[in-house]
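Right, one structure below, let's go through it.
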Amino acid sequence: MSQRSFASAEYAMKKKRTRREKFLAEMERVVPWARLIGVIEPLYPTSGRVGRQPIGVARMLRMYCLQQWYGLTDEALEDALYDNQALRDFVGIDLSRESVPDATTVLKFRRLLLDNDLTKALFEEINTHLAEQGLLMRAGTIVDATIIAAPSSTKNAGNTRDREMHQTRKGNQWYFGMKAHIGVDAESGLVHTMVATAANVHDVTQAGALLQGKETVAFGDAGYCGACKREEAQGPQWHVAMRPGKRRQLDPKRKWAQLLEKAEQLKASIRAKVEHPFHVIKNLFHHKKTRYKGLAKNEAQLFSLFALVNLVIAKRSLLCVVTRGAS
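Those letters in the sequence shown? Residues 1 to 327, by the UniProt record's numbering.
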């Protein structure tokens, strides 16, 4: 058994356990590491240059997860691992014996995932794991989309914006970037489907792509009006919110209007679950702007982010399963 360095031993004896340590300890228990490693390992290089072996899949996967959880660039992740003992313990790095993998190594791992469409495979593997735990019911779907901003400045080498991003108007505000369209399980609030498009693509056009095919009901906001008439979205019974303008015109004194208002409130209470994944991505994972150019790279990252979002949302249930299994 390897001995601890003086720094790590002193860190372990501190009196307070930080929120970051608690979060990483929970993720250590709920992430199905063996299954995810099994997805990547067949495509991972087994040998490198003479005298330099590739870093293990498990370590690179943990570094990649840290990068998504804390919104770090490749260089910032390298620096953070040198600076923070909790992150090093999570990855399994002892600075007294080895150095932190550099930013180029992290870049190559991300490219491996992108080139082999592995982020989508990881997303599907995590959802399969959640379904096996009885957390993904597939009886109903809630659909929604969020705008993720992209740099709109042309002060760059090409003097142009990202050609795959577009602008759109929401209310009286204009946005430039892309959209993440998601289909969420109506029971658990877990994301089962994700599609990335430019920001100017209307929500309703992606309604069919967000369905699993087995659900009996589907819910959406007013942006999905007419979804039930689209051929690709046929199947479930759609419950779409009334447009705000029509809702404001309802006479609160009439009984039928009161019933409609109660129905709208009920639909809104069900649709509220779809906002939780967006909250986790934008506020907890700090992913409010695109990090890369082009839809393909950003879509690949979104698959990773939503996979990890599902684990955060299902964390309490998964910890109970793990605890029961250990006892």
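From the three backbone atoms N, C-alpha and C, an ideal C-beta is built for every residue, glycine too.
Legend entry - Burial state of S304 (16 or more Cβ within 10 Å): So S304 counts as buried.
Inset, instruction - Give the straight-line distance between the Cα atoms of E41 and K229, rounded to the nearest whole angstrom. - result: A straight line joining the alpha-carbon of E41 with that of K229 spans about 44 Å.
Inset, instruction - Would you kindly check if the distance between the Cβ of G177 and the Cβ of M165 is under 9 Å? - result: A distance below 9 Å separates the beta carbons of M165 and G177.
Inset, instruction - Using only the heavy atoms of the ligand PLP, determine whether one of them is closer than 8 Å to the beta carbon of V91. - result: With respect to the ligand PLP, the structure offers nothing, as it holds no ligand at all.
Inset, instruction - Give the single residue among V280, T128, I281 and A218 whose Cα lies nearest to the Cα of P32. - result: Between P32 and the set V280, T128, I281 and A218, the nearest pair of CA atoms involves T128.
Legend entry - M60: first and last residue of the uninterrupted beta strand (DSSP E) it sits in: Where M60 is concerned, there is no enclosing beta strand (DSSP E), although the alpha helix (DSSP H) it sits in stretches over V57 to W69.
Legend entry - Contact the region 142-149 vs the region 287-296: 3+ CB pairs below 8 Å: Enough Cβ pairs lie closer than 8 Å, so yes.
Legend entry - P252, buried or exposed, once every other Cβ within 10 Å from all chains shown has been counted against 16: By the neighbour-count rule (16 or more Cβ atoms within 10 Å), P252 is not buried but exposed.
Legend entry - Of the listed residues P277, L308 and V106, nearest to L36 (C-alpha basis): The shortest Cα separation from L36 among P277, L308 and V106 belongs to L308.
Inset, instruction - Quick one: grab the DSSP three-state call for Y82. - result: Y82: helix per DSSP, three-state reduction.
Legend entry - 9 Å Cβ cutoff met for M137 and D74: Not closer than 9 Å, so no.
Inset, instruction - Could you check how far apart the C-beta atoms of P236 and E215 are, in whole angstroms? I think they sit under 8 Å. - result: A Cβ-Cβ distance of about 5 Å is found for the pair P236 and E215, placing them in contact under the 8 Å criterion.
Legend entry - Distance between L190 and P101 (C-alpha atoms, nearest Å): Taking the straight line joining both Cα atoms gives about 33 Å.
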